[in-house]
Each structure stands twice: as C-alpha cells, then as structure tokens.
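Trainee: Protein chains in written order, with our numbering: chain P, 1 to 88; chain X, 89 to 769.
Every residue, glycine too, gets a C-beta built ideally from N, C-alpha and C.
Questions regarding the structure given below will be posed in turn.
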Amino acid sequence: MSRTSSSGRNDGVVSLSSLRSGEHGEVVDLAGGRCMLSRMTALGFTPGADVTVVQNYGRGPLIARVRDARIALGRGEADRVYVRRKPA
Amino acid sequence: MTIQRSEPRPREAAVAAGAEEKALQVALAGQPNVGKSTLFNLLTGLNQHVGNWPGKTVERKEGTFVFGGRTFRLVDLPGTYSLTANSEEELITREFIIRERPDVVVALVDAAILERSLYLVAELMPLPAPVIVALNMMDVAEQEGVHIEPQVLEAALGVPVVPMTATRNEGVEELLAAVEQLTSGQYPYDPSTPRIRDDHRDVLEEVESIIEGCVPAPYPQDWIALKLLEGDQRVSDMMAGCLPAERVDALNATLREHDDALVAVASGRYDWIGRMIRAALTRPTTGPISLTGKLDRWAAHPFWGLAIMAGILGLVFWLTYAVGAPLQDLLDTYVVGSLARLARTVLAGVSPWVTDLVADGIIGGVGAMLTFLPILVIFFAVMGILEDVGYLARAAYVMDRFMHMMGLHGKSFLPLFLGFGCNVPAVLGARVIESKRARLLTVLLAPLVPCTARMTVIAFLAPAFFGSAATLVSWGMILLALTVLALSGVLINRTVFRGERAAFIMELPIYHLPNWRTIGMRVWQRSLSFIRKAGTLILGVSVVVWALSTLPAGEIQTSYLARIGRVLEPVGRLMGFDWRLTVALLASFIAKENSIATLGVLFGTGTGGGLAEQLAATFSAATALAFLTVQMLFVPCVATVAVIRQETDSWAWTLFDLLFLLVVSLAAGTGVYWVVRLVTG
C-alpha cells in the first residue's frame, strides 16, 4: 500500500526531514507500506500529533519528539511523514 | 514486603503455602523500556523459568510467588508497542491473552511517556481479560516535571490504576492488592474502550455485518472487525478460511475501498487516550531541557557520539583483556587442568583409551565451554548495563548510517564489534535487535568478525612466514575479513532478503541509573542458558572430533582425522595446502587456537619455537597467506555454531551459514594463493 496526501504540497506541508533542529510541526499525513504505517502510528505519528525535531544534521537519521517520546528515524522514514510547520 | 517466592512448581507451592484456591494467572504486558523485567524480577526472584515461546525465537519468562496466602503465576509477555501482526512479539502477546485468558493482565505503562505508553492499553482493553494499569516510573515522571493524578485516570479508564516505582519497590504491594481485589469481584470493573475515528464508524459496522456469525472462538467479533480494517494479515488469512466465498469477496471489496482505515483506527485510539488523560495529566509548562536532552547533545552527535562510543568500546575491550583473559587462563589451568589430572589419577587402572576419552575428550570439551564463561559474563554485563541505562539505542543511532548499507540495523553494530573479543557473545548479543531480518543477518555475519582466537593463530604464524612484514599481514587479514563481512552483508541482503531495507524506527528511552538486580538476573539467565543449550552440542562435537583425531591408534598422524585430511588433499592443493594444513583447519573446529597445537603434533615439534621455522621452511609465502586467509574466514568454532543454531532456532539457517562461510573462505584462499603465486612468480 502506498499513500500520499491528496492535498498539494504547497500549503505549508513539508516532510518531517526538512524541519531543522528545534522546529515544530503537526502531522498531516503519512506515506508508506502497511507495516511501516502501523509502526509509525503506534509510536504516536498520527494526523494531528505535535512533533518537535530534536536533532537534524541534514543527513543521516534524525531524532523527533512525539507524544513525549524521543524517536530516532531513518531519513527515508522521516521523508514519508508530512507535517505542517508550526511557529515555535 | 510480604511477597514470598514459592517453589517453581505452582501447584506444590500453593499447597505448601496453605492456599486452597488455584494459582492466579497474571500476564505482564507493556511497551519496551517500561521496566517490565525489573518488576518481573522483583516479584519472582530466582523462581522463574526462562525458555522460548513454542516454535519462536522470542524469550518466554514465567515465575511464581505467594502474596497474601495466594499463589500468583506471572507470565512476562514480550514488550510491544501495539498488537498488530507485524512481529512475533505482538502475535505472541495477543494470542496468549485471547487463548489463555489470564485472570488479570497487568499493563505496565511509563508515567513519563504516559500518552504513548497507553497506546498498548488501548489495544488491550477490547481483549477478553481484565486489565490493571500499573503506572511505573513515577519518579522519572516527577523529575521530568510530569504530574499525574492516578485516581482521575482510574475514573476515566474504569479499571484499577496503581502508581509505582518498581526500581524502588514502591507501589508493588498495592498492585498485588489491586489484582486480588479485581479477581475477587470487589472492584466495579467498567473499562472504557477506544472507538474508531468518526469518519470510519460506518465502515466498521459494515465489516462487522459481513463477518457476523463466522468468527471462530475464542476471538471477539468486534476485535476481528477492527483488525481487518487495520489490514492485519494474520486475521484476514484466518477469516478468509472461515467465511463463505461470497462474503470473502464482499469483505475484500470493502477493505480495498478503505485501505486508509489503519490510520483512522490508530487515530481513534489516540483520541481516546487524549480523553482519558485530559484531566489526569499536567505537563511542565516551560520545559527546561531535560537531562536526557542534554546528554543526547553529546551521545547522539554525529561526531562526538562516535567518539564517546569509541571510548566506551575501548573500555569494554580493556575489561575483556584485563579481567576476562586472565580468568580464562585460571579456569583452564586450575579447574580444567586439575580435573583432567584427577581423572587420570582416578582412572589409572582402567584402559588408557577410557582415560584419554575422559581426560582429553570430555573434560577437554567441558573446558572449551567453561573458558568461554568469563568473556560471556563480561559481555552480558556490559550489554545489560548499556541497554538498561538507555545508551544502547544511542550507539545504534550514530552507527545506523554505516550499518544500513549492509542491510543491517544500527543495533547490529555493538554485538558485531564485540565479536572481536569472541564470536559467541556477538551472536547472542544480536538479541537486542528487534527487526527479525536484521537480527538474522547479524547472526549470520558474526563469524566473519576476527575473534581473539583467530588472531592468536595469525599472531603465531605471521611472524614465522613474513618476518618484519607480519604486522602488515595481520592488519591486512583483519581488513580482508571486514571487507568480506561488508560484501557478504550486501550480497545476502540483496539476494536472500531481496534488498528489503530494514526500516530504522527506534525509540530513544529516557536515561536512567542502571538497575543492578535486573542486569544481574539477565547475566545469570543468559550464562545458564548458554551452558544448558550450547553446552551439550559443544561437548558432543568436542568428543567426536577428539575421537576422530585419536582413533584408531591413539595418535593424530594415523587417525581418522588425518585420513579425512588426505582424502581432502585435492581441495587443499588448490591453495597449496598439504594434508597437514587441512587437518589443522579441521581440528580448529573445536577451538580456533587448536590449529597451532595440531600443526605442532603433525610436524613433531610441539608448539615450541621449532614449529614456526619448520612451517616457514616447508610452505611458500603463497600457501602461508592462503592458509591465514582460510583460517580467518573459515567455518567458526563449534561454540559459535551452537549459538547460531540456538539464536536462529533453525538448522537450515545454520547450515546455510556454514556452507556460505566454507565457500567464501575456500574461494578467498584459492584466490589469494594464485594471485600471490602470479605476483611472486
């Protein structure tokens, strides 16, 4: 299964991997296979959830804080989480 | 505390404690890192049985204890984030609860990460066993500025909520009292259950009406409907076998149309959690950066993280050599040596054949196993501490970018790296990897890490052949082994696993002080299980190889092993070996360092100074280099094979690995031999 949001990507929605360290966002949509979606949603990445990127050096995996937990994500995984950037 | 540990067998224990009712079966469920092992060990002490779930490679822990005159049988379910069919752990947990119906499920949640850890509770509530929520790590939550009112949460959930801090033994008796109260029917149990997100409520009803009356016992129908919408493969397969054909088609059509329902189901659970905790939870308003945040700036930094890890690994190596190696020698000289002498004295009158069998074959085999113990204990302790304080996840995080190129996981790095000490703990250490595929690959590749025993052989032979270039050759051999490891990783990943990349999604737990009791128990259990499971195989193979190298005449030159070596001589010729090198290689199956001792016997020099010179005079540089290459990459020692078998739970994978290593080592050896011959003329 592969899913992408029907809404365009020009409404302030970006992938989680493009948030810099310290930036916040709200999860809008997730893409990926069923197994991956199931793991991501169980860990708290559901539409509406607040996410803060704790560490993102621009390459390699990054750390995000969601629902009080710190989750390390590979860049490929973070690319498939779409968020709306929120002011700090 | 008034908890008494009963005897391991529950029925007898109940009688001994004077309890007339049957033992209460309590299942312990929770997400990873919520302190399940700490609570389990606290309650059951040494009265626990560790095994595997039937037909699985997942550890099953069970124990008994007596509280308030009642016997409790506690089953530790695997740590899981949810109850989908994505992993063995998740399947085990839900099948156990549905099929075995424990009297109570204690759902352990992390108070500091309340919202996320209640997700599993949201999945447990619809299952047919009563749930008690144990709010663990209340101390950590306080530290992080999180305030929770357990009574308010209890009122919302409609199930008992018990605040506790298992590491300080706080709230444990209250938890057991709550279990008693719930099972005796004194508690107004009225669980709130999550609902699917509003926009999917109609679809759920539609699915329920399709499967109506066809759900096999003991599965609850509404649960099956929800799992179908989540796209749960296990449940869909089961229902496809139970439903009449036309209903299967209707079901598939509905599910296809709503393949986004998974997110709606998960969102529904988080909405429910939000309602449950709204009044009970107060988060810190302005977050001063927590200790975990501060530590991670260093430990998870792309550069400093690597530096810190290198420091920690250096320390571990120092510990292994400074403490482990002398202990190994002591065990070998005093325990194994004395045992062998004792056996010879006692059996003095019996035939020499029996004496040799006991002293060399059996005691030698036991020794081979025992001498692994110091290194294993150090390794288990170090891995246990690093895992318990939360550092292991950080090491995996900084290493992931390098490891995932080989289809491995960041968590594969530490076990593999520590394989330089010994391959046995490297294989056993792969357990920390959750992804089954990455775990298997780590186990299969571990024998390619050059262990100290192989390095001993290289260190002995390289100077004899290459003089001042020995250091260069030794480093070249290590580099070769690691290159082969990386290439094998890429190859196996591309072919056998068809290039599926291990997704890197991993929680970084909050750092906390190590719990020595939990770590101690883990070291004890793992060591015991090594002796019990791997021990038999190591002992058996040791005796067989000993017999082959002694029979029929009592010396290796004319033994069956030597005859096998002569039969295999044509293969050896490809690398310039004569039968003696082949036999040395075969003998190293018991322990890698055996190849030197065997060569010593075959050349009639012992292992003293003469051997190296004689070898150098007998063989060309090409043969020598080929021998070192094969020695480096060859089938691992029997102890490693035993644990590969144990951890993969499959002879097929074990034999695949052995065959793979055999082919790779012989190919590399042949290649090296001919290249060196061409270059040197």
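1. Report buried or exposed for P:Tyr57, applying the criterion of at least 16 other Cβ atoms within 10 angstroms of its Cβ.
2. Quick check: P:Val51 and P:Arg65, are their CB atoms within less than 9 Å of each other?
3. Which residues in chain X sit within 7 Å of P:Leu19, going by Cβ to Cβ distance?
4. Compare the C-beta of X:Asn174 with all C-beta atoms of chain P and state if any pair is closer than 9 Å.
5. Under 6 Å Cβ to Cβ from X:Gln309, same chain only, skipping five residues before and after it: list those, please.
6. Tell me X:Tyr761's beta-bridge partners as DSSP assigns them.
7. State the DSSP-derived secondary structure class of X:Met226, mapped to helix, strand or coil.
8. Rounded to whole angstroms, how far is the Cβ of X:Thr504 from the Cβ of X:Val537, which I believe are closer than 8 Å?
9. Could you check which residue in P:Gly22, P:Arg59, P:Thr46 and P:Arg70 has the C-alpha nearest to that of P:Tyr82?
10. Please report how far the alpha carbon of X:Arg322 lies from the alpha carbon of X:Leu343, in whole angstroms.
11. For X:Val731, which residues from the same chain have a beta carbon less than 6 Å from its beta carbon, with the 5 sequence-adjacent residues on both sides left out?
12. Does the structure place the region 477-497 of chain X close enough to the region 550-566 of chain X that three or more beta carbon pairs sit under 8 Å?
13. Quick one: is X:Val249 near chain P, going by C-beta distance under 9 Å?
14. Chain X partners of P:Tyr82, CB-CB under 9 Å?
15. Are the region 372-392 of chain X and the region 474-492 of chain X touching, with three or more C-beta to C-beta distances below 8 Å?
16. Measuring only the C-alpha atoms, how far is X:Ala518 from X:Val729?
17. DSSP three-state call for P:Arg70: helix, strand or coil?
18. So X:Leu127 packs on X:Leu116, CB below 8 Å; how close in whole Å?
19. Can you tell me whether X:Trp406 is buried or exposed, with buried defined as 16 or more other CB within 10 angstroms of its CB?
20. Excluding the five sequence neighbours on either side, which residues of its own chain have a C-beta within less than 6 Å of the C-beta of P:Arg3, listed in chain order?
21. Can you tell me where the beta strand (DSSP E) holding P:Arg85 begins and where it ends?
22. Counting only beta-carbon separations shorter than 9 Å, does P:Pro87 have a partner in chain X?
23. Considering only C-alpha positions, which residue in the set X:Lys149, X:Leu579 and X:Val122 is nearest to X:Gln613?
24. Would you say X:Tyr479 reaches chain P, if we count a Cβ-Cβ gap shorter than 9 Å as a contact?
25. Could you tell me whether any Cβ in chain P is nearer than 9 Å to the Cβ of X:Ala354?
26. Within the continuous beta strand (DSSP E) that includes X:Thr606, where are the two ends?
27. With a floor of 3 residues, list each beta strand (DSSP E) that falls wholly inside the region 218-276 of chain X, ordered by position along the chain.
28. Should X:Gly381 be flagged as near chain P, meaning a C-beta pair shorter than 9 Å?
29. Return the residues of the region 488-518 of chain X that lie within a Cβ-Cβ distance of less than 9 Å from chain P, sorted by chain order.
30. Please state whether DSSP places X:His497 in a helix, a strand or coil.
31. Beta-carbon separation of X:Gly664 and X:Phe722 under 9 Å?
32. Alpha carbon to alpha carbon, how far is X:Ser170 from X:Ala265? Give it in angstroms, no decimals.
33. Do we get a CB-CB distance below 9 Å when we pair X:Ala591 with the residues of chain P?
34. Distance cutoff 9 Å, beta carbons only. Does X:Glu268 sit that close to anything in chain P?
35. Quick check on the burial criterion: 16 or more other C-beta atoms within 10 angstroms. Buried or exposed for X:Phe553?
36. Between the beta-carbon of X:Ala710 and the beta-carbon of X:Leu687, is there less than 9 Å?
Mentor: Let's see:
1. By one-based count along the first sequence, residue 57 of chain P stands at place 57. So P:Tyr57 ends up on the exposed side.
2. Numbered from its first residue, the first sequence carries residue 51 of chain P at position 51. Numbered from its first residue, the first sequence carries residue 65 of chain P at position 65. With contacts defined as CB atoms closer than 9 Å, P:Val51 and P:Arg65 qualify as a contacting pair.
3. Numbered from its first residue, the first sequence carries residue 19 of chain P at position 19. Going along chain X, no residue has its Cβ under 7 Å from P:Leu19, so there is no contact; the nearest lies around 17 Å.
4. Numbered from its first residue, the second sequence carries residue 174 of chain X at position 86. With 9 Å as the cut-off, X:Asn174 counts as an interface residue toward chain P.
5. Sequence index remark: in the second sequence, residue 309 of chain X carries index 221 (1-based). Once the five neighbours on either side are set aside, the close Cβ partners of X:Gln309 are Val303.
6. Translated into positions along the second sequence, residue 761 of chain X becomes position 673. Per DSSP, none; premise fails for X:Tyr761.
7. Indexing the second sequence from 1 puts residue 226 of chain X at position 138. Three-state DSSP puts X:Met226 in a helix.
8. The residue labelled residue 504 of chain X in the question sits at position 416 within the second sequence. The residue labelled residue 537 of chain X in the question sits at position 449 within the second sequence. Reading off the sequence, residue 504 of chain X comes out as Leu, not Thr. Going by Cβ atoms, the distance from X:Leu504 to X:Val537 rounds to 6 Å, so yes, they are a contact pair.
9. On the first sequence, residue 82 of chain P is found 82 positions in, with the first residue counted as 1. Cα-wise, what sits closest to P:Tyr82 is P:Thr46.
10. Looking up residue 322 of chain X in the second sequence gives position 234. Looking up residue 343 of chain X in the second sequence gives position 255. Rounded to whole angstroms, X:Arg322 to X:Leu343 spans 15 Å at the Cα level.
11. As a working mapping, residue 731 of chain X is identified with position 643 in the second sequence. Cβ within range, chain order: Val512, Val515, Leu516 and Ala622.
12. no
13. Position 161 of the second sequence, counting from 1, holds the residue named residue 249 of chain X. Cβ-Cβ to chain P under 9 Å: no for X:Val249.
14. The count along the first sequence starts at 1 and reaches residue 82 of chain P at position 82. By Cβ distance, chain X contributes nothing, its closest Cβ being about 12 Å from P:Tyr82, past 9 Å.
15. Because the criterion of three Cβ pairs below 8 Å is met, the region 372-392 of chain X and the region 474-492 of chain X touch.
16. Here residue 518 of chain X refers to the residue found at position 430 of the second sequence. Here residue 729 of chain X refers to the residue found at position 641 of the second sequence. Answer to the nearest angstrom: the Cα atoms are 14 Å apart.
17. Counting from one through the first sequence, the residue named residue 70 of chain P turns up at place 70. Three-state result, P:Arg70: strand.
18. Residue mapping note: residue 127 of chain X aligns to position 39 of the second sequence, counting from 1. Residue mapping note: residue 116 of chain X aligns to position 28 of the second sequence, counting from 1. Their Cβ separation, rounded to whole angstroms, is 7 Å, which keeps X:Leu127 and X:Leu116 in contact under 8 Å.
19. One-based indexing of the second sequence puts residue 406 of chain X at position 318. So X:Trp406 counts as exposed.
20. Here the question's residue 3 of chain P lines up with position 3 in the first sequence. Its pLDDT being 43, under 50, P:Arg3 is placed unreliably in this model, and the coordinates cannot settle the point.
21. Counting from one through the first sequence, the residue named residue 85 of chain P turns up at place 85. That run of the beta strand (DSSP E) goes Val81 to Lys86.
22. Taking the first sequence and counting its residues from 1, one reaches residue 87 of chain P at position 87. So no, P:Pro87 is outside the interface.
23. Numbered from 1 along the second sequence, position 525 holds the residue referred to as residue 613 of chain X. The shortest Cα separation from X:Gln613 among X:Lys149, X:Leu579 and X:Val122 belongs to X:Lys149.
24. Reading the second sequence from its first residue, position 391 is the one you call residue 479 of chain X. False, the Cβ-Cβ gap to chain P never drops below 9 Å.
25. As a first step, residue 354 of chain X must be located in the second sequence, where it is residue number 266. Yes, X:Ala354 lies at the interface with chain P (some Cβ there is under 9 Å from its Cβ).
26. Indexing the second sequence from 1 puts residue 606 of chain X at position 518. Segment Trp604 to Ser617 is the alpha helix (DSSP H) holding X:Thr606; no beta strand (DSSP E) there.
27. Qualifying beta strand (DSSP E) stretches, in chain order: 219-224 and 249-251.
28. Sequence index remark: in the second sequence, residue 381 of chain X carries index 293 (1-based). Interface residue, yes.
29. Asp488, Arg489, His492 and Gly498
30. Within the second sequence, numbered from 1, the residue matching residue 497 of chain X stands at position 409. Reduced to three states, the DSSP call for X:His497 is coil.
31. Here residue 664 of chain X is taken as the residue at index 576 of the second sequence, counted from 1. Here residue 722 of chain X is taken as the residue at index 634 of the second sequence, counted from 1. No, these two residues do not count as a Cβ contact at 9 Å.
32. Within the second sequence, the letter at position 177 stands for residue 265 of chain X. Within the second sequence, the letter at position 82 stands for residue 170 of chain X. Going from the Cα of X:Ala265 to the Cα of X:Ser170 covers about 27 Å.
33. Residue numbering aside, residue 591 of chain X sits at position 503 when the second sequence is read from its first letter. So yes, X:Ala591 belongs to the interface.
34. Here the question's residue 268 of chain X lines up with position 180 in the second sequence. Closer than 9 Å: no.
35. Here residue 553 of chain X is taken as the residue at index 465 of the second sequence, counted from 1. Per the 10 Å Cβ criterion, buried.
36. Against the second sequence, residue 710 of chain X aligns to sequence position 622. Against the second sequence, residue 687 of chain X aligns to sequence position 599. Not a contact, by the Cβ cut-off of 9 Å.
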